[in-house]
Amino acid sequence: MRRRTVLGVAGAAAVAVALPLGETAAQASPAPWDQVPAILARIVPPTFPSATFNIVDYGAVGNGTTDCSNAFRNAIQACNAAGGGRVLVPGSGVYRTGKIHLLSNVELHAASGATIRFRTDTGAYMPTVFTRWQGIECYNWSPFIYAIDKTNVAITGAGIIDGNAQAGPWFGFDSQRGPDWDALQQMAVDGVPINQRQFGDGHFLKPNMIQLYRCTNVLVADVDIRNSAMWAVHPVLCTNVTVRNIKVFTRGGMVDGCDPEASTDVHITGCRFDTGDDGIAIKSGRDTDGRRVGVPSQNIVIDNCTFLGRWGAITVGSEMSGGVRNVFAQDCTIQRGSSYNNFHAVYLKTNQRRGGTVENINVRNISGGPCDRGAIHIDMNYSLTGPGFGPIVYPVFRNIHVDNLTINDAPYALRINGISQSKLNHFHMTNSTFTAIDTPAPQISNANDVVLSNVRINGVLYGDPPPPAGVRYQAESATISQGVVESNHTGFTGTGFV
């Protein structure tokens with residue numbers, strides 16, 4: 155890629171973005187945080203009748219070897235039939251089970267000292283169920299805990315939910331899934347009916363841990379989730395979702411912490427993500443299939459979470475073809491991990507087949523480090539290799555606001571890798587500090603209206619006021635309102651200071 159180095163010139167006079175006289179870029183940027191109280195007021199966790207259904211009363215034995223699948227199923231059915239209540243997994247026991255399917259008005263509660271440990275034989279997750287696999291609808295193994303078309307469902311308690319994936323075949327499937335994954339993507343392009351997209355036994359698309367599909371009034375709270383085979387908490391097409399005070403520990407590939415997909419009114423708060431993949435990744439379907447369903451993820455609030463895992467902490471994509479809008483992430487911490495570190499504090503990813511619009515993404519008050527591959531990474535050319543599946547449909551990224559990030563130790567502070575045919579539009583970063591940055595110059599390509607205001611990288615001030623002479627940016631086909639000036643060349647329009 156041809157990238158030009160741009161020198162900051164104090165007092166440059168040309169103006170790239172018009173503002174009222176005396177108004178700073180930070181003041182003029184939209185301040186959408188006043189939407190958050192109304193969103194949170196709509197997100198009300200479900201409540202349940204006081205009746206308790208102890209799985210021991212339905213035959214469960216907490217010795218770690220007895221199969222308790224029938225006990226879980228019978229207790230859940232009895233609870234639902236009685237009008238709802240709590241299915242109790244009592245403390246001081248390890249309860250081995252296959253798939254657990256929740257019903258309306260049921261709270262699955264793992265008490266402190268209890269462990270729900272999932273079986274490792276694939277037959278325990280048959281027959282197949284309607285699900286999504288990396289954003290494409292299909293029939294596949296049941297997620298370990300699953301609900302579809304239910305109202306008022308919860309998974310709570312201080313106990314452990316152990317996917318036990320490392321003891322089973324699931325991670326071995328990662329090297330074998332290629333033909334199945336290719337087949338599913340082609341089915342989506344060809345419009346194959348969903349009920350003919352059958353996987354499960356004999357195939358290699360491993361199941362999610364907890365998937366709540368088309369559910370309303372969802373609560374996942376306080377539990378300690380470990381060792382999932384794939385994404386740990388995956389609400390799909392859900393409304394009114396609270397994920398609160400959970401701990402997620404995963405290792406391996408494709409083991410995200412919490413991935414709300416095509417869901418509305420979601421609050422993720424007080425959680426700890428020590429994951430082998432993205433901590434939180436907001437999604438809305440993939441390529442042709444995601445656009446066919448066409449439901450965005452929207453009105454999502456993330457606060458007071460801690461991230462220790464790999465890849466992105468606060469992530470959007472890459473499966474975002476239905477759109478993502480109105481995301482608010484604040485007051486979170488990046489910590490050094492025990493096995494590896496987060497690659498990025500803020501990570502937005504898509505590619506030229508996704509389509510969809512990502513807009514109104516707001517991040518503030520994020521601190522910590524290290525970030526092993528860069529603090530903020532926005533990549534509109536993510537994982538685009540080979541001929542691919544389906545047509546080129548350019549995505550749209552716009553209206554991204556970052557305020558008060560404090561990140562220590564990263565290769566770079568900011569990289570925006572846009573698409574020339576669909577440039578990222580309007581990225582504003584204010585009041586942020588980055589230290590111990592290997593390559594301090596912001597790296598920006600194919601983006602318009604990029605504004606940095608009161609941003610310090612390795613002690614050098616970028617933005618408003620303008621940087622001292624000699625401060626470097628790297629830019630290609632970008633509009634940067636930063637007091638930069640350079641002789642003209644094709645595609646570069648960074649000429650002024652705001």
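Numbering-wise, the sequence shown is residues 155 to 652 according to my numbering.
For each residue, glycine too, the CB sits at the ideal point set by N, CA and C.
How many angstroms separate the CA atom of Arg569 from the CA atom of Thr396? Arg569 and Thr396 have their alpha carbons spaced roughly 32 Å apart.
For Pro186, the three-state DSSP class (helix, strand or coil): Here Pro186 sits in helix by DSSP.
Going by beta carbon distance, what residues of the same chain come within less than 7 Å of Gly544, once the five residues before and after it are set aside? Excluding the 5 residues flanking it on each side, Gly544 has same chain C-beta neighbours closer than 7 Å at Val343, Asp441, Thr442, Arg507, in chain order.
Can the beta-carbon of Ser296 be found less than 9 Å from the beta-carbon of Thr251? In this structure, Thr251 does not lie closer than 9 Å to Ser296 by Cβ.
Can you check whether the CB of Ala483 is closer than 9 Å to the CB of Arg527? Contact: no.
Could you give the uninterrupted runs of the beta strand (DSSP E) lying entirely in the region 356-386, keeping only those of 3 residues or more? List check, beta strand (DSSP E) in window: 364-367, 370-375, 378-380.
Could you check the C-alpha separation between Leu242 and Leu262 for me, to the nearest Å? So the two alpha carbons sit approximately 6 Å from each other.
Enclosing alpha helix (DSSP H) for Ile660 [first to last residue]: This structure does not reach residue 660, given that the chain is present from 155 up to 652, and the question cannot be answered.
With a threshold of 6 Å on Cβ separation, who are the neighbours of Trp385 within its own chain once the five nearest residues in sequence on each side are excluded? These residues qualify, in order along the chain: Asn362, Asp410, Asp413.
State the CB to CB distance for the pair Asn294 and Gly247, rounded to an integer number of angstroms; the pair is presumed to be in contact (CB under 8 Å). Incorrect: roughly 30 Å between the Cβ atoms, too far for contact.
Here's a check: name, in chain order, each residue in its chain whose Cβ is nearer than 6 Å to the Cβ of Phe461, leaving out the five neighbours to either side. Once the five neighbours on either side are set aside, the close Cβ partners of Phe461 are Phe427, Gly433, Ala467, Ile488, Asn496.
Out of curiosity, what's the CA-to-CA distance linking Phe284 and Asn259? The straight-line gap from Cα to Cα measures roughly 21 Å.
Just to confirm before moving on: does the CB-CB distance between Ile400 and Asp376 stay below 9 Å? Yes, they are a contact pair.
Three-state class that DSSP yields for Thr587 in the structure shown: In the three-state reduction of the DSSP assignment, Thr587 falls in the strand class, which pools E and B.
Would you mind sorting Phe445 into buried or exposed? The rule is 16 or more other CB atoms within 10 Å of its CB. Checking the sequence shown, residue 445 turns out to be Arg, not Phe. Counting Cβ neighbours within 10 Å, Arg445 comes out buried, since at least 16 surround it.
Tell me Asp413's beta-bridge partners as DSSP assigns them. Its beta-bridge partners do not exist; DSSP assigns none.
Write down the C-beta distance between Ala632 and Ala595 rounded to the nearest angstrom, noting that I regard them as a contact closer than 8 Å. In fact, because the Cβ distance is near 13 Å, the residues do not count as touching under 8 Å.
Counted within 10 angstroms of its Cβ, other Cβ atoms place Pro203 as buried (16 or more) or exposed: Pro203 comes out exposed.
Kindly indicate if chain B contains any beta-carbon less than 9 Å away from that of Asn558. No chain B is present in this structure, which holds just one protein chain.
First through last residue of the alpha helix (DSSP H) which encompasses Gly444: Gly444 -> alpha helix (DSSP H) spans 441-447.
Please name the residue in Asp221, Ala235, Ala236 whose C-alpha comes closest to that of Ile254. When only C-alpha atoms are compared, the closest one is Asp221.
Select from Pro186, Ser492, Arg552 the residue whose C-alpha is nearest the C-alpha of Gly430. Among Pro186, Ser492, Arg552, the Cα nearest to that of Gly430 is on Ser492.
Pull up the DSSP beta-bridge partners for Pro389, would you. According to DSSP, which records beta bridges pairwise, Pro389 is partnered with Leu366.
Asn553 versus Ser607 - alpha carbon distance: Cα to Cα, the separation comes out at about 16 Å.
Check whether the Cβ atoms of Pro549 and Ser574 lie closer than 9 Å to each other. Not a contact, by the Cβ cut-off of 9 Å.
Helix, strand or coil at Ile209 [DSSP, three-state]: Secondary structure of Ile209 (DSSP, three-state): helix.
What's the gap between the Cα of Cys233 and the Cα of Thr511? Looking at the backbone, the Cα of Cys233 and that of Thr511 are separated by about 42 Å.
Bounding residues of the beta strand (DSSP E) (the contiguous stretch that carries Gln597): For Gln597, the enclosing beta strand (DSSP E) begins and ends at 597-611.
Delimiting residues of the alpha helix (DSSP H) encompassing Val343: Going by DSSP, Val343 is part of the alpha helix (DSSP H) stretching over 332-344.
Please state if the CB of Gln365 and the CB of Tyr300 are separated by a distance shorter than 9 Å. The answer is yes: Cβ separation under 9 Å.
Below 6 Å CB to CB, which residues in the same chain sit around Asp378 once its five sequence neighbours on both sides are set aside? Excluding residues within five positions, the ones whose Cβ falls inside 6 Å are Ile314, Lys401.
Secondary structure of Leu462, DSSP reduced to three states: In this structure, DSSP gives Leu462 a state outside helix and strand, which the three-state scheme calls coil.
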